[in-house]
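Numbering-wise, our numbering comes out as the position in the sequence shown, counting from 1, plus 77. Glycine included, each C-beta is placed from N, C-alpha and C at the ideal position. In this text the structure is predicted, and so the values were computed from the model without any measurement.
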Amino acid sequence: GGSGVDVAASVFGGTLAYTLAEGGPAIVPVDLPGVSVVVYASGTFARTTELRGRVDAFGARSPGVHARLLASLGEASERAYAACRAVDRGAFLEAARAFAEVLGELGEASSAPIFGPHETALRRLAADHGHACFPSGAGGGDVSVLLAAEGVDSGAFDAEAAARGLTRLAVSIDPHGVRAVSPSTDS
């Protein structure tokens with residue numbers, strides 16, 4: 078099984094704002110405000126349970142710092158959601174960069190490799206160009222996501238990612254989610 082947001086994205090498709098609320102998750106479709114999503118894979122794998130275990134153990138050791146970092150991630154997420162509703166690309170990318178920075182802090186504080194070594198460098202490169210880069214899912218360096226303004230040439234970023242052993246994937250966001258597909262009758 079996946080996390081709640083993974084399952085929701087698969088079922089509903091598109092891009093979503095996903096929040097945990099009383100009585101269950103709140104799922105709201107949103108449009109990214111003029112932002113393209115580029116995905117890179119390292120060919121390695123990461124164990125979500127191991128990463129979560131380190132973050133949870135950190136929470137038990139340092140509950141105040143843990144709570145502050147999680148609250149900061151939540152605040153960055155809320156700013157990103159507000160930017161989507163306002164169709165404000167600059168504010169969205171700023172919130173995404175803030176989220177990535179705090180996620181990096183959480184990884185360092187918990188000794189969980191949320192950002193792989195290549196992702197730390199790519200996060201800095203992305204931020205220097207007004208983009209945002211962070212790991213997909215729980216992290217660990219297996220899949221990285223670049224958020225950039227639509228129409229921006231990501232060639233330099235692609236070259237740096239390739240130099241660090243990452244492969245750009247030819248993927249896109251499916252707007253439809255899960256659906257029944259009949260086999261083609263064309264022969």
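Is it true that the region 187 to 201 meets the region 151 to 171, where meeting means three or more beta-carbon pairs spaced less than 8 angstroms apart?
no
Pick helix, strand or coil for A267, following the three-state DSSP scheme.
Here the chain comprises residues numbered 78 to 264, so residue 267 is not present and cannot be evaluated.
Residues near V114 by beta carbon distance below 7 angstroms, same chain, minus five either side:
V222, L224, I250
Assign H253 to one of two classes, buried (16 or more other C-beta atoms within 10 Å of its C-beta) or exposed (fewer than that).
exposed
Going along the chain, which residues of its own chain have a beta-carbon closer than 7 angstroms to the beta-carbon of V142, five neighbours each way excluded?
A186
Can you tell me whether DSSP reads T197 as helix, strand or coil?
helix
Should the region 152 to 163 be regarded as contacting the region 104 to 122, the criterion being three or more beta carbon pairs within less than 8 angstroms?
yes
If I follow the unbroken alpha helix (DSSP H) through P140, where does it start and stop?
140 to 163
Residues near A173 in its chain [Cβ-Cβ closer than 7 angstroms; skip 5 each side]
A157, A209, L224
Cβ-Cβ separation, T197 to G214 (assumed contact under 8 angstroms), whole Å:
About 17 angstroms separates the two Cβ atoms, so there is no contact after all.
Do you know offhand how far A103's Cα is from F176's?
20 angstroms
Spatial neighbours of S231 within its chain, please: CB distance less than 7 angstroms, with the 5 preceding and 5 following residues excluded, ordered by chain position.
V115, L223, A225
Just to confirm before moving on: does the CB-CB distance between L199 and E237 stay below 8 angstroms?
yes
Which one of S149, L97, R201, L246 has the shortest CA to CA distance from S119?
L246
Residues near L128 by beta carbon distance below 8 angstroms, same chain, minus five either side:
A189, P190, I191, A215, G216, G217
Would you say S87 and V229 are within 8 angstroms of each other, going by their C-beta atoms?
no
Going by other Cβ atoms of all chains shown within 10 Å of its Cβ, with 16 needed for buried, is D83 buried or exposed?
exposed
Report all residues from its chain with a CB closer than 6 angstroms to the CB of A204; omit the five preceding and five following residues, and keep chain order.
R174
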